[in-house]
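What follows is a set of notes on a single structure, which appears directly below.
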Amino acid sequence: MLESIYIMSSLNQLKPLSYSTNKDGEILLADIKIKDLVKKYGSPLYLMCEKTIRARIGAYRDSLKNNYPESLVLYASKALNCQAICALVKQEKIGLDVVSLGELYTALSVGFPIENLYFHGNNKSHEELKLCVDKGVNIVVDNFHDINLLSKICNEQKASVLLRVTPGIECHTHEYIKTGKQDSKFGFNLDELFTAIEELQKINVNIKGLHGHIGSQIFETLPHQDTCRVFMDLYKKIKDKFSLEFPDLNLGGGLGIKYMESDDPPEIETWIKILTDSVKALAKEFDLKLPRILVEPGRSIVGPAGITVYEVGNIKNIEGIRKYVCVDGGMADNPRHIMYQAQYQAEIDGKVNLQDRETVTIAGKYCESGDILIRDINLAKTSPGDLLVVFSTGAYNYSMSSNYNRSAKPALVLVADGQDYLAIKRESLEDLLRNDLLPEHLNRGVLSKT
Ligand SMILES: Cc1ncc(COP(=O)(O)O)c(C=O)c1O
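Numbering (this note's numbering), first residue to last: -7 to 442.
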């Protein structure tokens, strides 16, 4: 009991649950010194705390169970998808949302239960939809193109589908990660919905309900409450027009996390309570059966579980202007700053307790002036060879990483109970050449064998 209270009250921390420091100001994860992990696996290094992921999944699952038993959490695996994470999510007995053949293939490779897999996308291919129908994966139908393709695919086999709707809710988050406005590439607009239902009724599918995702890194609860109202109002209209009561309602993900100490997102339990209370009240108001609720969090499950470790190299001081601390990674392993000016907090390993601090900018090593990881951070005075630990990097870091500048992707290691488990190997230089072919006419007498 005490343990669960501890976990509940400390979930909204910037740092993973197994994070600690010692008297020498060194940083540990699951009781392992991060400098030892870097010795073993190299730098840069993604580290994921298993305890944090399980606790955050547990918070979603348990608060739903307590407030609204007919429900299912789906982990939005675009935040971080690899075999180890899919297997962990499977062990925790929640569902998974995937958006590409690659994510689906990874989930299938660990035997993820098909009935709890949901496939998304605003431009699904015939191949993707065919695989979903053949395997029995749930499909989130996004547009008339999907319906057209499904009409050719769903002959003998019936597909289970949700319809993604753009509910027209604004939320206070960065423009590029808003997906719920009417001006969005995702989903049916409200005026298209009835036609979409009519078209789907002509083909061999089982319409389970509607789906809406209004954005990401959202701190307010009102936009999601409004979303519940839009959807329950639609369920009422659909009941009146089609005499249909959909059994499921997917409210998407989007709950924000702490990137900065000053960030104050709602607790998972609070978010779930507000959403489920809204749906219950609206079902009464509109005289509807309670649908099963699905939620689809990504960032708020894996984000705070991750840290990235870099080694400090060149330090460039422009007197009176700026001091750049350059590290051995950057926009290729974490493009979130260059994409949407994301902010992070960080510490120097071995100097956590140091009072001697200064304002610096952490720059990456890639060939772009915009390759900045953190602008203007107050950091312990650092020197080449130090390890920099950046917090809250578990979501949309590895999954958005690239091979820009032909750089090899770092390793990803899961840590739990004093043990470390390599989940994704560091890429080698050979890996970078894996798909290269040297056309014969370019090879004549130019290259030596070595
Ligand atoms: C359809 C859908 N569901 C769920 C998510 C997960 O959102 P988040 O990681 O903010 O919880 C996203 C992210 O963009 C999404 O597009």
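Using N, Cα and C, we set each Cβ at its ideal position, and we do this for glycine too.
Would the beta-carbon of residue i be found less than 8 Å away from any heavy atom of ligand 1?
i	result
Arg328	no
Asp89	yes
Lys70	yes
Arg291	yes
Glu288	yes
Gly244	yes
Ser469	The chain is shown only over -7 to 442; residue 469 falls outside these bounds and no answer can be derived.
Arg156	yes
His216	no
Leu96	no
Phe223	no
Phe234	no
His433	no
His447	With the chain covering -7 to 442 only, the question about residue 447 has no answer from this structure.
Ala297	no
Phe180	no
Ala47	no
Leu247	yes
Ala51	no
Ala387	yes
His205	yes
His137	no
Just curious, the beta strand (DSSP E) that residue i is in, first and last residue?
i	result
Tyr38	Leu37 to Cys41
Glu419	From DSSP, Glu419 is part of no beta strand (DSSP E); its letter is neither H nor E.
Phe104	Per DSSP, Phe104 belongs to no beta strand (DSSP E) and is neither H nor E.
Val30	Note, Val30: premise wrong, no beta strand (DSSP E); alpha helix (DSSP H) at Ile26 to Tyr33.
Leu21	Ile19 to Leu21
Ile369	Ile364 to Ala372
Thr351	Arg349 to Ala355
Lys177	Where Lys177 is concerned, there is no enclosing beta strand (DSSP E), given that its DSSP letter is neither H nor E.
Val157	From DSSP, Val157 is part of no beta strand (DSSP E); its letter is neither H nor E.
Ser375	Careful: Ser375 lies outside any beta strand (DSSP E) and carries neither H nor E.
Leu88	Gly87 to Val90
His203	Val197 to His203
Ser12	Tyr11 to Thr13
Ile131	Asn130 to Val133
Asp16	Neither: Asp16 is in no beta strand (DSSP E) and is coded neither H nor E.
Leu6	No beta strand (DSSP E) contains Leu6, which DSSP labels as neither H nor E.
Asn242	Asp240 to Asn242
Terminal residues of the continuous alpha helix (DSSP H) containing residue i?
i	result
Tyr227	Leu214 to Phe234
Phe111	That residue, Phe111, is in no alpha helix (DSSP H); its beta strand (DSSP E) goes Leu109 to Phe111.
His137	Phe136 to Ile145
Thr187	Leu185 to Gln193
Glu119	His118 to Lys127
Can you give the beta carbon distance from residue i to residue j, rounded, assuming they're within the 8 Å contact cut?
i	j	result
Ala355	Val382	That belief does not hold up - the Cβ atoms of Ala355 and Val382 are roughly 13 Å apart, past 8 Å.
Phe234	Leu202	Actually they do not touch by this definition, with Cβ atoms about 13 Å apart.
Cys220	Leu141	The pair is not a contact, with the Cβ atoms about 31 Å apart (cut-off 8 Å).
Thr300	Pro36	6 Å
Ser384	Lys250	7 Å
Ser375	Val304	7 Å
Glu212	Cys146	Not really, about 39 Å apart at Cβ, beyond 8 Å.
Val294	Gly386	4 Å
Ordered list of alpha helix (DSSP H) runs contained in the stretch 42 to 76, each at least 4 residues: Runs found: 42 to 59.
Length at least 4, wholly inside the stretch 268 to 346: the alpha helix (DSSP H) runs in chain order: Counting whole runs of 4 or more residues, the stretch 268 to 346 contains the alpha helix (DSSP H) stretches 291 to 294 and 328 to 332.
Segments of 3+ residues assigned as beta strand (DSSP E) that fall wholly inside the stretch 382 to 431: Taking only runs of at least 3 residues, the beta strand (DSSP E) segments lying wholly in the stretch 382 to 431 are 403 to 408 and 411 to 416.
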